[in-house]
Amino acid sequence: MHAIKLPTHKHSLYPSPWVNLCDGCGWTGGYRKDGYRCYECRCFFHKECAEASSDIHQPSHPEHPLSLMLEWPEVKRCKLCGEKLFYMFYHCSICDFVVDTACAKNPPPNVIEFPKAHEHSLVIAKDLSDFKCGFCGEEDHLRYRYRCYLCILEFEIRCSMLSLEIDYPYHPKHPLKFLTKEEQHFSHGKCRICGKELRWKFYHCSICKFSVDVDCVRDPSPLAILFPKAHEHQLSLTPRKISFDCDACGMAGDRSPYSCQQCYFMIHQSCIDLPEIINVNRHEHRLSRRLHLSLGSWVCRFCHKNVDWSYGAYSCSICPNYVIHSKCAIRSDVWDKLELKGIPEEPGDIEPFKVIDENLICHFSHKEHYLQFNEEGIISGGSIRCEACVLPIYSQAFYSCYTDFKYCSIDVKCAMLSESIIHESHPCTLYYITNTYIKCASCNEGGCRSFSCDDCSFGLHERCAVLPKTIQHWYDEHLIFLCYNKNKRGGEYWCDICEEQIDTMIWFYTCDSCCVTFHTECVLGDFSRFMPGRIVTHRNWRIKAMQTSPGFLPRCYICHTQRAVPFVLNLCNPQNNLHHLGKTVASRFELATAAVASVFLGFGSLFLLLASGVYV
3 MHAIKLPTHK HSLYPSPWVN LCDGCGWTGG YRKDGYRCYE CRCFFHKECA
53 EASSDIHQPS HPEHPLSLML EWPEVKRCKL CGEKLFYMFY HCSICDFVVD
103 TACAKNPPPN VIEFPKAHEH SLVIAKDLSD FKCGFCGEED HLRYRYRCYL
153 CILEFEIRCS MLSLEIDYPY HPKHPLKFLT KEEQHFSHGK CRICGKELRW
203 KFYHCSICKF SVDVDCVRDP SPLAILFPKA HEHQLSLTPR KISFDCDACG
253 MAGDRSPYSC QQCYFMIHQS CIDLPEIINV NRHEHRLSRR LHLSLGSWVC
303 RFCHKNVDWS YGAYSCSICP NYVIHSKCAI RSDVWDKLEL KGIPEEPGDI
353 EPFKVIDENL ICHFSHKEHY LQFNEEGIIS GGSIRCEACV LPIYSQAFYS
403 CYTDFKYCSI DVKCAMLSES IIHESHPCTL YYITNTYIKC ASCNEGGCRS
453 FSCDDCSFGL HERCAVLPKT IQHWYDEHLI FLCYNKNKRG GEYWCDICEE
503 QIDTMIWFYT CDSCCVTFHT ECVLGDFSRF MPGRIVTHRN WRIKAMQTSP
553 GFLPRCYICH TQRAVPFVLN LCNPQNNLHH LGKTVASRFE LATAAVASVF
603 LGFGSLFLLL ASGVYV
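Remember, this note's numbering sits 2 above the position in the sequence shown when you count from 1.
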């Protein structure tokens, strides 16, 4: 079950026991035994598509050979079935003849003389833009569509060969009858094989209360498979409504598992193809899939629930107590969808920095020289800025390089930022996720890229996670502090800069000596993520951020108002006109700001290099 490299795909492919849809030819018509999958692209291929020959001779076009193309074509249709071409197809460079891979292997007949689903012959239709199968009722993603010109009915080719009453190999006791949704009260509402909700039409045995959808009749799951990645013996499908615990993931199932008669092994259909070696963003080492753990008490490091040692799970060979449930490990916000079996591990890519001694580190963002540690409490007055978050450093600890002519400083908080962090505002570990909508505890705005807690709904946006604990502003002579404990304070608060009310549900800065408060955006400025003096190129514009000084009230070119803001943008358009832009036009440069705001580097670790890669 090792990966193979084929010329039809840029990444390594892994064998799969079946394919339900093919990203090569576009097939979405149900199960086909044996195929390949790419974990990195999250795609599947039929075996014949992945192993397709680069050149073929096709009987429907005997004049010239056809060459395999791997690209997204313009709107073209297969000359045999009329379907739009997908990513993989054959073409003749001389005649511009094109055919998809499915038709190249098994061209459809022009006429079906004796269909089982209809009393008249059916003719292939290549011009049906609005198609609805008269048998199953499906409308989209149906290949090889046929029409009865006497009855003005259309049929998908696989449905044309189905009868109103069938003998089904997965239910040999009684024949199944074809029912419509109006008769669904005879069933339990779900397909006995795949567990999906029954659609408009399905097959049913009234004696056994056995129901199966049309897809599982047209393209059923294999009755038996031999897939060593899942189990050493042959596995057989048990097409019954049965309660069981999956030996691969430990979770309960209610129907149609694959089982081994020799050792009573049972597994979900979806667990047969679990990856063997993976990297998750909750741990610095690789994890391997185990058929079972050693006897003992285990706790999942993701959901913190018990892991039954007798079932399959993922564990770390370096950290003996680190275990994750199988289903937790393959979550899309935890696993990067890359199977690592056969790929050598690179230890240097695991952590964002390497410790040289108690005062020096080698950081991946500045490998030319070591960075020296500067302790917290040294007042720099904001003259030094972190190269990662671009925010000024006042008294917080930081790393710096004194040997480069290009002076470099990185806040300790940013230097240690990885896929899991500990933040002062929350007692639990926060993990980086990209596909779960969470409201940020700092700004109270939602987003899908944040650091979140597994045990509660607490989350922080990337940029909010690196807000400085202490900072200075010309409105106050003291250092001001970031306030997290907003719920413990009573009364109303007003920003001394903009003189507008502060929403106490979000974080803000405060000076305990002067008893004043400030919005975080008023202290930092709308364009604080731009390094002052550097130039950003966005489309045809050259944008330069400039820091203002106390008492300076710049006039915005767009809204013509004057406002005391920490930063303004000098904008050079293609005609070299220079404008001062304030807060009101921040949305115009949303893309430019986003480009500056987050650039993620590293493999197996995360680092917010917030200000690199976009300057000229």
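Even for Gly, the Cβ is constructed at its ideal location relative to N, Cα and C.
It should be emphasised that the depicted structure is a prediction, and the values quoted were computed from it without experimental measurement.
With a threshold of 16 other beta carbon atoms within 10 Å, Trp-476 falls short and is exposed.
In this structure, Cys-330 and Cys-364 do not form a Cβ contact; the two beta carbons are roughly 33 angstroms apart against a cut-off of 8 angstroms.
Around the beta carbon of Leu-297, fewer than 16 other beta carbons lie within 10 angstroms, which makes this residue exposed.
In the DSSP assignment, Ser-411 is bridged to Ser-402.
For His-475, the beta-bridge partners assigned by DSSP are Asp-478. According to the DSSP assignment, Glu-158 belongs to the beta strand (DSSP E) that extends over 155–158. Pairing Met-253 with Ile-504, the inter-Cα distance amounts to about 47 angstroms.
Fewer than three beta-carbon pairs drawn from the stretch 276–286 and the stretch 233–240 are found closer than 8 angstroms, and the two stretches are therefore not classed as touching. In the same chain as His-463, and ignoring 5 residues on each side of it, the C-beta atoms closer than 6 angstroms to its own belong to Cys-442, Gly-449, Ser-452, in chain order. Rounded to whole angstroms, the Cβ separation of Thr-472 and Ser-397 is 6 angstroms, and the two are in contact under 8 angstroms. Contiguous alpha helix (DSSP H) elements confined to the stretch 74–117 occur at 103–107, taking only those with 4 or more residues. A direct Cα-Cα distance of roughly 8 angstroms separates Asn-361 from Leu-373. Minimum Cα-Cα distance from Arg-44 among the listed residues Val-21, His-63, Gln-60 corresponds to Val-21. Note: Asn-281 is not bridge-paired with any residue in the DSSP secondary-structure output. Taking the CA atoms as reference points, Phe-133 sits about 10 angstroms from Ala-127.
One Cα belongs to Arg-387, the other to Gln-474, and the distance between them is close to 13 angstroms.
Distances from the CA of Arg-333 to each of Cys-273, Phe-246, Ser-62 were compared; the closest alpha carbon is that of Cys-273.
Setting aside the 5 residues that flank it on each side, Glu-494 has no residue in the same chain whose C-beta is closer than 6 angstroms to its C-beta. Boundaries of the beta strand (DSSP E) harbouring Thr-431: 431–435, taken from the DSSP string. Between Cys-105 and Leu-87, the C-beta gap is not smaller than 8 angstroms, which leaves the two residues out of contact. In this structure, the beta-carbon distance from Arg-201 to Arg-257 does not fall below 8 angstroms.
Take the alpha-carbon of Thr-436 and the one of Pro-429: they are about 22 angstroms apart. Counted as a single uninterrupted DSSP element, the beta strand (DSSP E) harbouring Lys-35 occupies residues 34–40. In this structure, DSSP gives Arg-333 a state outside helix and strand, which the three-state scheme calls coil. Take Cys-135, set aside five residues on each side of it, and the residues of its chain with a beta-carbon closer than 7 angstroms to its own are Leu-144, Glu-156, Phe-157, Glu-158, Cys-161, in chain order. For Ile-395 and Asp-413, the gap between their C-alpha atoms comes out near 7 angstroms.
DSSP places Ala-52 in the uninterrupted alpha helix (DSSP H) bounded by 49–52.
For Glu-167, the enclosing beta strand (DSSP E) starts and ends at 167–170. Excluding five sequence positions before and after Cys-497, the CB atoms of its chain that fall closer than 8 angstroms to its own CB belong to Gln-503, Ile-504, Phe-510, Thr-519, Phe-520, His-521, Cys-524, given in chain order. For Phe-204 against Leu-181, the beta-carbon gap comes to about 6 angstroms, under 8 angstroms, which counts as contact. If you draw a straight line from the Cα of Lys-415 to the Cα of Pro-470, it is about 9 angstroms long. According to DSSP, Thr-512 shares a beta bridge with Phe-483, Thr-519.
Taking C-beta atoms as the reference points, Arg-149 and Leu-124 count as a pair closer than 8 angstroms.
Within 10 angstroms of the beta-carbon of Phe-304 lie 16 or more other beta-carbons, which makes it buried. Within the stretch 204–269, the complete alpha helix (DSSP H) runs of at least 4 residues fall at 216–220.
If you draw a straight line from the Cα of Asp-478 to the Cα of Cys-517, it is about 10 angstroms long.
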